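So the structure is just underneath, and the comments pick up after that.
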Amino acid sequence: MPALSESFEPPSNNLAREFSPEIFEDPNSHPESQDWKWQVKNRITSFEVLSHLIKLTPEEKEGFKKSNGRLAMAITPYFFSLIDKNDPNCPIRKQAIPRIEEFKVSPGELVDPCGEDSHSPVAGLVHRYPDRVLLLVANSCAMYCRYCTRNRLVGRERPPMGIEQFEAACDYIRSKKTIRDVLISGGDPLMLTTAHLEGYIRRLRSIPHLDIIRIGTRVPVTLPMRVDEELVNMLRKYHPLYMSIHFSHPREITPEVSTACNRLADAGVPLGSQTVLLKGINDRPSTMKKLLQKLLKIRVRPYYLYQCDLAVGTAHFRTPVSSGINIIRKLRGHTTGYAVPTFVIDAPGGGGKIPISPDYVVTRLKDKTILRNYEGKIYDYIEAPDE
Numbered sequence: 002m003p004a005l006s007e008s009f010e011p012p013s014n015n016l017a018r019e020f021s022p023e024i025f026e027d028p029n030s031h032p033e034s035q036d037w038k039w040q041v042k043n044r045i046t047s048f049e050v051l052s053h054l055i056k057l058t059p060e061e062k063e064g065f066k067k068s069n070g071r072l073a074m075a076i077t078p079y080f081f082s083l084i085d086k087n088d089p090n091c092p093i094r095k096q097a098i099p100r101i102e103e104f105k106v107s108p109g110e111l112v113d114p115c116g117e118d119s120h121s122p123v124a125g126l127v128h129r130y131p132d133r134v135l136l137l138v139a140n141s142c143a144m145y146c147r148y149c150t151r152n153r154l155v156g157r158e159r160p161p162m163g164i165e166q167f168e169a170a171c172d173y174i175r176s177k178k179t180i181r182d183v184l185i186s187g188g189d190p191l192m193l194t195t196a197h198l199e200g201y202i203r204r205l206r207s208i209p210h211l212d213i214i215r216i217g218t219r220v221p222v223t224l225p226m227r228v229d230e231e232l233v234n235m236l237r238k239y240h241p242l243y244m245s246i247h248f249s250h251p252r253e254i255t256p257e258v259s260t261a262c263n264r265l266a267d268a269g270v271p272l273g274s275q276t277v278l279l280k281g282i283n284d285r286p287s288t289m290k291k292l293l294q295k296l297l298k299i300r301v302r303p304y305y306l307y308q309c310d311l312a313v314g315t316a317h318f319r320t321p322v323s324s325g326i327n328i329i330r331k332l333r334g335h336t337t338g339y340a341v342p343t344f345v346i347d348a349p350g351g352g353g354k355i356p357i358s359p360d361y362v363v364t365r366l367k368d369k370t371i372l373r374n375y376e377g378k379i380y381d382y383i384e385a386p387d388e
């Protein structure tokens, strides 16, 4: 595995020497814009640059002033180009720019909402379910989502998991032969160099009882140029390998994102989407349906729709659970089943994912089950008689 210095380079704090507003308006205007490392180095991280590019609301100004030291702001030039600069309610803008509401602590909110720390037998590894583990190899992301469930860990631009810590995690996995599946996440593992990421994957693939390796990422959405030929050629060597990509809004599905997902799919990587239900961003059934149908067109199978976790400072993003149930009701029967994700609540404190769905079972009797279909019509399913 390469030395950390070869795998991690903190971003520039601003563009003082080469600042040009055009590179944030048109992602193709700069000759290096398709270089993912250039995109990372030139992320918007300072109030000076942000305020020059966009007229901030009072809530955004106050949110940015307080965000340093907590969940820092970082927005790639590419992702910033998707923002409607004249609309404070732009769904891309609301995900990327801090707001003062983040610093209000509401009842029930938790620093570690999914109880990951309490299920961590060794540093950087979470073992909640019997046959799979979560491996947190990175602290940084291309863009920091303001509703991040791991805002206690990410956003500090630290080096990735070191070799000693990673080997301790591998030793634990080797000792538990019931583990057959590892999800590599963070932060975002695609922020690592290809060589460094391959070092992790190669070591994991050498564990005999490990069947599946998965990667959880938002980089194909916020930094699609990262999905280059070097990366996909590396990934195709380690099948079966799956990827879960975090999408939030139909506007995120651009030609660049389509190209990235097609490259991954052509390399034999099955792609699934994970979407967090967010107030004012994707909580309208029509918006969600458009997103999910567009995902299928770029060969990404909708997988999970998450109720927003009880992370500290996220109340302004959270919808009632009934909103998610209504979305599933408006999807089921009205579009292909491939486009219908499983709506889940990740139980606060570490209970794991609990599926939530509309109630299609009216009642269960000894001889039949009475069902309601997507149109509200009632049907009897007759049980086989006892012999």
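Residue numbers for the sequence shown, in this note's numbering: 2 to 388. Think of the CB as a built atom: it goes at the ideal place given N, C-alpha and C, for glycine as much as any other residue. Model, not experiment: these values are computed from the prediction.
Next on the checklist: Let me check understanding here. Comparing Cα to Cα, which of E230, L184, V228 and V138 lies closest to E165?
Outcome noted: Translated into positions along the sequence shown, residue 165 becomes position 164. Looking at the Cα atoms, V138 is the closest of the given residues.
Checklist entry - So the alpha helix (DSSP H) L236 belongs to, where does it begin and stop? => result Residue 236 sits at position 235 when you count from the first residue of the sequence shown. Start and end: E230 to L236.
Checklist entry - So what does DSSP say about D347, is it helix, strand or coil? => result As a first step, residue 347 is located in the sequence shown; it is residue number 346 there, counting from the start. If DSSP states are grouped into helix, strand and coil, D347 belongs with the strands.
Item to check | DSSP beta-bridge partners of M244 | outcome: Counting from one through the sequence shown, the residue named residue 244 turns up at place 243. DSSP lists I216 and L272 as partners of M244.
Checklist entry - Mind pulling the beta strand (DSSP E) runs of 3 or more residues that sit fully within the stretch 100 to 182? => result 126 to 130 and 133 to 137
Item to check | Same chain only: Cβ atoms within 8 Å of L111, ignoring 5 sequence neighbours per side | outcome: Residue mapping note: residue 111 aligns to position 110 of the sequence shown, counting from 1. Taken in chain order, the residues that qualify are L311, A312, V313, P349 and G350.
Checklist entry - Taking contact to mean at least 3 C-beta pairs separated by less than 8 Å, is the stretch 267 to 287 in contact with the stretch 71 to 84? => result no
Checklist entry - Are the beta-carbon atoms belonging to P251 and T218 less than 8 Å from one another? => result In the sequence shown, counting from the first residue as 1, residue 251 sits at position 250. In the sequence shown, counting from the first residue as 1, residue 218 sits at position 217. Their beta carbons are not under 8 Å apart, which means P251 does not touch T218 by this criterion.
Checklist entry - Got a sec? Which residues, its chain only, sit under 8 Å from L296 by beta carbon, not counting five neighbours each side? => result Residue mapping note: residue 296 aligns to position 295 of the sequence shown, counting from 1. Taken in chain order, the residues that qualify are F248, I254, S274, R302, P303 and A340.
Next on the checklist: Do G281 and K56 have their beta-carbon atoms positioned less than 8 Å apart in this structure?
Outcome noted: The residue you call residue 56 lines up with position 55 of the sequence shown. The residue you call residue 281 lines up with position 280 of the sequence shown. Not a contact, by the Cβ cut-off of 8 Å.
Checklist entry - Quick one: Cα of A124 to Cα of R175, how far? => result The residue you call residue 124 lines up with position 123 of the sequence shown. The residue you call residue 175 lines up with position 174 of the sequence shown. Approximately 16 Å, taken between the alpha carbons.
Checklist entry - With distances taken from CA atoms, which of S259, L211, N90 and L265 is nearest M235? => result Position 234 of the sequence shown, counted from the first residue, corresponds to residue 235. When each option's Cα is compared against that of M235, the closest is L265.
Checklist entry - Which whole-angstrom value is the C-beta distance of P359 and L306, which I expect to be below 8 Å? => result Counting from one through the sequence shown, the residue named residue 359 turns up at place 358. Counting from one through the sequence shown, the residue named residue 306 turns up at place 305. Their Cβ separation, rounded to whole angstroms, is 13 Å, which puts P359 and L306 out of contact at 8 Å.
Item to check | Distance, R133 Cα to G377 Cα | outcome: The residue given as residue 377 occupies position 376 in the sequence shown. The residue given as residue 133 occupies position 132 in the sequence shown. Approximately 38 Å between the Cα atoms of the pair.
Next on the checklist: Taking only three categories from DSSP, how would you classify S68?
Outcome noted: Reading the sequence shown from its first residue, position 67 is the one you call residue 68. Three-state DSSP puts S68 in a helix.
Checklist entry - Looking only at DSSP bridge pairs, what is R365 linked to? => result The sequence position of residue 365 within the sequence shown is 364, counting from 1. Per DSSP, T370.
Checklist entry - How would you label E199, buried or exposed, when you count the other beta carbons within 10 angstroms and need 16 or more for buried? => result Position 198 of the sequence shown, counting from 1, holds the residue named residue 199. Classification for E199: buried.
Checklist entry - Which full runs of the alpha helix (DSSP H) of 4+ residues lie inside the stretch 255 to 307, going along the chain? => result 256 to 267 and 286 to 298
Checklist entry - Between the C-alpha atoms of P114 and N43, what's the straight-line distance to the nearest angstrom? => result In the sequence shown, the residue the question calls residue 114 occupies position 113. In the sequence shown, the residue the question calls residue 43 occupies position 42. Going from the Cα of P114 to the Cα of N43 covers about 32 Å.
Next on the checklist: By alpha-carbon positions, which one of C142, H128 and E102 ends up nearest to L136?
Outcome noted: Locating residue 136 in the sequence shown gives position 135, where the first residue counts as 1. The option with the nearest alpha carbon to L136 is H128.
Item to check | Secondary structure of I329, DSSP reduced to three states | outcome: Position 328 of the sequence shown, counted from the start, is the residue given in the question as residue 329. Helix, per DSSP.
Checklist entry - In the structure shown, what three-state DSSP assignment does A196 receive? => result The count along the sequence shown starts at 1 and reaches residue 196 at position 195. Of the three classes helix, strand and coil, the one that applies to A196 here is helix, per DSSP.
Next on the checklist: Tell me the residue span of the beta strand (DSSP E) that contains K378.
Outcome noted: Numbered from 1 along the sequence shown, position 377 holds the residue referred to as residue 378. Per DSSP, K378 belongs to no beta strand (DSSP E) and is neither H nor E.
Item to check | Assigned secondary structure, I93 (DSSP; H/G/I helix, E/B strand, else coil) | outcome: The residue labelled residue 93 in the question sits at position 92 within the sequence shown. In the structure shown, I93 sits in a helix (DSSP, three-state: H, G or I).
Checklist entry - Nearest to E388 by alpha carbon, out of N374, D368 and Y375? => result Translated into positions along the sequence shown, residue 388 becomes position 387. E388 has its Cα closest to that of D368, out of N374, D368 and Y375.
Checklist entry - Counting along the chain, where does the alpha helix (DSSP H) carrying K38 start and finish? => result Mapped onto the sequence shown, residue 38 falls at position 37. Residues W37 to K42.
Checklist entry - Apart from the five residues on each side of it in sequence, which residues of its chain come closer than 8 Å, Cβ to Cβ, to R203? => result The count along the sequence shown starts at 1 and reaches residue 203 at position 202. Here the set comprises Y239.
Checklist entry - So I437 packs on V322, CB below 8 Å; how close in whole Å? => result Missing from the structure shown is residue 437; the chain here goes from 2 to 388 and no further.
Next on the checklist: Let me confirm a value: R365 is counted as buried when at least 16 other C-beta atoms fall within 10 Å, else exposed. Which label applies?
Outcome noted: The residue given as residue 365 occupies position 364 in the sequence shown. Label assigned to R365: exposed.
Checklist entry - Can you name, in chain order, every residue of its own chain whose Cβ lies under 8 Å from the Cβ of I326, other than the five neighbours on each side? => result Position 325 of the sequence shown, counted from the start, is the residue given in the question as residue 326. F344, I357, S358 and P359.
Checklist entry - What number of angstroms, rounded off, separates the C-alpha of L372 from the C-alpha of D284? => result Translated into the one-based positions of the sequence shown, residue 372 becomes position 371. Translated into the one-based positions of the sequence shown, residue 284 becomes position 283. Each residue's alpha carbon lies about 27 Å from the other.
Item to check | Coarse secondary structure for K56, derived from DSSP in three states | outcome: Translated into positions along the sequence shown, residue 56 becomes position 55. The answer is coil: DSSP assigns K56 none of H, G, I, E or B.
Next on the checklist: Tell me the rounded alpha-carbon separation between F167 and D88.
Outcome noted: Taking the sequence shown and counting its residues from 1, one reaches residue 167 at position 166. Taking the sequence shown and counting its residues from 1, one reaches residue 88 at position 87. Whole-angstrom Cα-Cα distance: 44 Å.
Next on the checklist: Can you find the residues in the same chain that come closer than 7 Å, C-beta to C-beta, to R151, ignoring five residues on each side of it along the sequence?
Outcome noted: Indexing the sequence shown from 1 puts residue 151 at position 150. Around R151: no qualifying Cβ.
Checklist entry - P78 lies in the alpha helix (DSSP H); which residues open and close that run? => result The residue you call residue 78 lines up with position 77 of the sequence shown. Its alpha helix (DSSP H) spans residues P78 to F81.
Item to check | A4, DSSP secondary structure in three states | outcome: The residue given as residue 4 occupies position 3 in the sequence shown. Reliability fails at A4, whose pLDDT of 44 lies under 50, so the model's placement of it is uncertain and no value is given.
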